[in-house]
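Undergrad: Before I ask anything, here is the structure I am working with.
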Amino acid sequence: MAAIKNLKKDIHNTLGDLIEACYVWEFNNEGADASKTQEIIDEAISSFDTLMDKIHVKNVESKKAHFSSIKAELETVATGLVAKINAL
């Protein structure tokens with residue numbers, strides 16, 4: 002149970018930090034188009050919802066493999082969002 006709790010915290014903290022980075026970028030670039038950062042924020046929120054739904058799935062064959070795949074997906078999503086933020 003503690004591992005699941007830590008995974009939830011990792012998802013929350015990682016995606017929350019990326020959303021915060023978008024807001025910081027918007028604050029530092031006041032005249033820039035905010036629609037790009039809003040798309041990134043929407044994608045982060047959508048990814049958060051998807052990952053949390055996957056955590057709450059009850060009927061899985063191998064819990065260890067299931068949660069490992071969620072962790073790998075979090076890393077993939079976070080890397081993609083960081084690349085988009087850096088491209089701003």
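In our numbering, the protein residues as written are 2 to 89. We treat Cβ as the ideally placed atom computed from N, Cα and C, and that holds for glycine.
#1: To the nearest whole angstrom, what separates the beta carbons of residue 78 and residue 36, a pair I think is in contact under 8 Å?
#2: Any idea what DSSP makes of residue 40, helix, strand or coil?
#3: Give a yes or no on whether the C-beta atoms belonging to residue 42 and residue 20 are separated by under 9 Å.
#4: Following the continuous alpha helix (DSSP H) through residue 16, name the residue where it begins and the one where it ends.
#5: Residue 6: which of 28, 18, 30 and 56 sits nearest, CA to CA?
#6: For residue 38, count neighbouring Cβ atoms within 10 angstroms of its own Cβ and tell me buried if that reaches 16, exposed if not.
#7: With residue 89 as the anchor, note down where its alpha helix (DSSP H) starts and where it stops.
#8: Under 9 Å, do residue 9 and residue 53 count as touching if we go by C-beta distance?
#9: Looking at C-alpha atoms only, which residue of 82, 33 and 66 is the closest neighbour of residue 45?
TA: In this structure, then:
#1: About 21 Å separates the two Cβ atoms, so there is no contact after all.
#2: helix
#3: yes
#4: 3 to 29
#5: 56
#6: buried
#7: Segment: none, residue 89 is in no alpha helix (DSSP H) and carries neither H nor E.
#8: yes
#9: 82
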